[in-house]
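In UniProt numbering, the protein residues as written are 1 to 488.
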Amino acid sequence: MQHLQQLESRLDQLISENRLLSAEREAAEDKLKKTTLARRKSDQALNSQNTDLRDRSEEVEELRKSVDWFQKEVNRLNEENEGLTETNANLTAAHEREHQELQESSARKIEELRTRYRQATADTRDLIRRELDVHLAQKNAELRRLSEELQEEQEKVQQLQQKLATSEVLIHRNDQFFRAACHNLYARVQHWVKRFSKHSDHRNCRTFHDMQKDKKLVARFDIDKLTGRFDNAILDGSDVEYYLADRVGRRDVFISVVMTMMWKFIFAPYMFGMDSEKQQKLSGLEEQLTEAGKLTAVRRWRATTLSLLSKSPSFAEQREIEMEAVTREIYDTLESVCPPPEDRTKKLREDLHGVLQIAVNLSIEMRTQLAEYYIVRPLLAEFGANGVVTRRVHFNEALMNERSALDSGAGEGSVRLFLFPLVVKEHDDSEEEDDTHNDKKEDKGPVVIYPAQVLVNRPKEVVEQSSKSLDRKSSVQSSVPSLRMDNT
1 MQHLQQLESR LDQLISENRL LSAEREAAED KLKKTTLARR KSDQALNSQN
51 TDLRDRSEEV EELRKSVDWF QKEVNRLNEE NEGLTETNAN LTAAHEREHQ
101 ELQESSARKI EELRTRYRQA TADTRDLIRR ELDVHLAQKN AELRRLSEEL
151 QEEQEKVQQL QQKLATSEVL IHRNDQFFRA ACHNLYARVQ HWVKRFSKHS
201 DHRNCRTFHD MQKDKKLVAR FDIDKLTGRF DNAILDGSDV EYYLADRVGR
251 RDVFISVVMT MMWKFIFAPY MFGMDSEKQQ KLSGLEEQLT EAGKLTAVRR
301 WRATTLSLLS KSPSFAEQRE IEMEAVTREI YDTLESVCPP PEDRTKKLRE
351 DLHGVLQIAV NLSIEMRTQL AEYYIVRPLL AEFGANGVVT RRVHFNEALM
401 NERSALDSGA GEGSVRLFLF PLVVKEHDDS EEEDDTHNDK KEDKGPVVIY
451 PAQVLVNRPK EVVEQSSKSL DRKSSVQSSV PSLRMDNT
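See the structure below:
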């Protein structure tokens with residue numbers, strides 16, 4: 001029983017141990033499962049790492065190959081660079097040698113050229129010196145000869161001055177002298193105007209309307225006064241701009257404008273080149289002497305006084321100043337309408353100054369004669385309030401010299417414009433007049449010295465016939481009778 005109990009106890013113990021072993025087996029199986037799972041995961045991770053390691057190894061291998069290629073390429077490039085460096089060094093050395101050789105060659109050539117130049121310069125200098133010596137010797141001989149001639153001429157001048165000092169102050173001129181002088185002045189004015197206008201033959205003149213809009217021109221000139229000078233040149237009422245548009249017709253207008261201004265500034269004053277105050281005093285004194293004394297004595301006083309004054313240095317200086325002002329005024333008037341090329345301005349001004357010098361000399365000669373020579377005021381037409389011509393100037397054969405022009409519509413025989421004013425003489429040089437006998441003497445009146453040169457409207461057939469003689473001398477013969485000045 002005890003043994004049975006022991007067996008039961010043993011059985012219970014075995015059952016308990018069996019349970020424990022079962023529990024431990026289950027625990028071991030669980031642990032084995034977990035361990036197997038963990039190992040499986042570990043194997044997977046290891047496989048994954050091995051794969052990554054293989055990939056990395058392959059990449060490293062590829063990089064190693066790349067590095068090897070780059071190293072080889074670098075080595076190749078280094079070798080090429082060394083070759084290029086060596087080649088460059090060789091080229092540099094060769095270039096330096098060539099440059100050095102070129103410099104040495106150039107230096108030798110330059111030195112040779114300098115030597116030849118110095119030699120040529122020395123030879124040329126010697127040649128020029130010899131030629132100059134010969135030329136100077138000739139010039140010195142010529143200068144000595146001219147000096148001797150000048151000395152002789154000076155002695156002659158002194159002798160002539162002494163003779164003049166003891167002779168009369170007045171230089172008497174006859175009618176033929178003034179006729180030729182007027183014709184020369186007219187020809188010179190024509191020639192100058194032709195040269196002035198010729199530079200603008202292929203260009204149109206400015207219209208008066210354009211001149212009014214030109215601010216620079218308005219600032220320089222009185223445009224109304226300027227255009228008035230051209231309008232007043234036309235005596236038959238036709239449009240002056242029509243003639244200015246024609247390259248030939250404008251020349252006649254220019255001549256008329258120049259002569260009008262020349263008369264106003266040079267011939268109209270009592271004495272050109274004399275200040276206005278002195279002119280007024282002398283003019284007033286002449287009037288007083290005329291009322292009180294013999295007319296011949298007054299004329300001799302006037303001629304002698306003006307002749308002496310015209311020779312004074314102050315008069316010559318003032319005359320030159322006024323002549324320059326007149327030159328500028330006339331030139332600016334024409335230039336404002338028909339400007340010539342700028343490079344011709346200086347020469348044209350100088351030539352105009354020369355023409356005015358002739359006019360001034362003529363005016364002085366006229367005023368220093370016993371007879372009274374004077375230029376009549378240029379012709380003017382009469383205009384109504386509406387600007388229409390109310391009284392035209394008709395051709396007078398005794399006082400005018402005609403140059404025919406195609407009728408402008410103003411009527412045959414009417415003067416279109418004047419080209420040169422009338423020149424007359426009063427009182428003969430040989431007259432010995434006395435106030436007590438004035439009423440017994442026949443009043444001869446003015447004598448025409450040079451007729452007014454005018455452009456006259458004529459029918460077409462007359463113009464064609466007269467065009468053949470346009471270049472004839474515009475002077476009057478000595479047989480022209482003395483005429484009384486009539487209004488025309």
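We put the beta carbon where it would ideally sit given N, CA and C, even for glycine.
Worksheet item: Would you say the region 278-292 touches the region 318-325, given that touching needs at least three Cβ pairs under 8 Å?
Response: no
Discussion item. What does the alpha-carbon distance come out to for the pair Asp252 and Asp343?
Written reply: 24 Å
Practice prompt. Might you give, ordered along the chain, the residues of its own chain that have their beta carbon closer than 6 Å to the beta carbon of Gly384, omitting 5 neighbours on each side?
Written response: Thr390
Discussion item. Please state whether the Cβ-Cβ distance between Leu399 and Val448 is less than 8 Å.
Written reply: yes
Worksheet item: According to DSSP, is Lys294 helix, strand or coil?
Response: coil
Practice prompt. State the DSSP-derived secondary structure class of Ile449, mapped to helix, strand or coil.
Written response: strand
Worksheet item: How would you call Lys213, buried or exposed, if buried means at least 16 neighbouring beta carbons within 10 angstroms?
Response: exposed
Discussion item. I need the straight-line Cα distance from Leu150 to Glu335, nearest angstrom please.
Written reply: 44 Å
Item to complete: Under the assumption that Tyr373 contacts Phe196 (Cβ atoms under 8 Å), give the Cβ distance between them as a whole number of angstroms.
Response: Contact doesn't hold; Cβ gap of about 28 Å is too wide.
Worksheet item: By a C-beta neighbour count over all protein chains shown, 10 Å radius and 16 as the cutoff for buried, is Tyr117 buried or exposed?
Response: exposed
Discussion item. Across the region 221-232 and the region 344-355, are there enough close Cβ pairs to call them in contact, namely three or more that are closer than 8 Å?
Written reply: no
Worksheet entry | Local conformation of Thr368 per DSSP, three classes | coil
Worksheet item: At which residues does the beta strand (DSSP E) containing Glu426 begin and terminate?
Response: Val423 to Glu426
Worksheet entry | Spatial neighbours of Pro378 in its chain, beta-carbon cut-off 7 Å, leaving aside the 5 residues before and after | Met259, Thr260, Trp263, Phe418 and Pro421
Discussion item. Is it buried or exposed, Trp192, if we count other Cβ atoms within 10 angstroms and call 16 or more buried?
Written reply: buried
Worksheet item: Between Gly83 and Ala122, what straight-line distance do the alpha-carbon atoms span, to the nearest angstrom?
Response: 57 Å
Discussion item. Rounded to the nearest angstrom, what separates Val67 and Lys41 at their Cα positions?
Written reply: 38 Å
Item to complete: Check the C-beta distance from Thr333 over to Val248 and give it rounded, since I have them as a contact under 8 Å.
Response: Incorrect: roughly 20 Å between the Cβ atoms, too far for contact.
Worksheet item: Ala371 to Ala137, Cα distance in whole Å?
Response: 55 Å
Worksheet item: Secondary structure at Arg392, three-state DSSP: helix, strand or coil?
Response: coil
Practice prompt. Could you tell me which residues DSSP puts in a beta bridge with Ile375?
Written response: Val423
Practice prompt. Quick one: grab the DSSP three-state call for Met271.
Written response: coil
Worksheet item: On the three-state DSSP scale, how would you describe Asn457?
Response: strand
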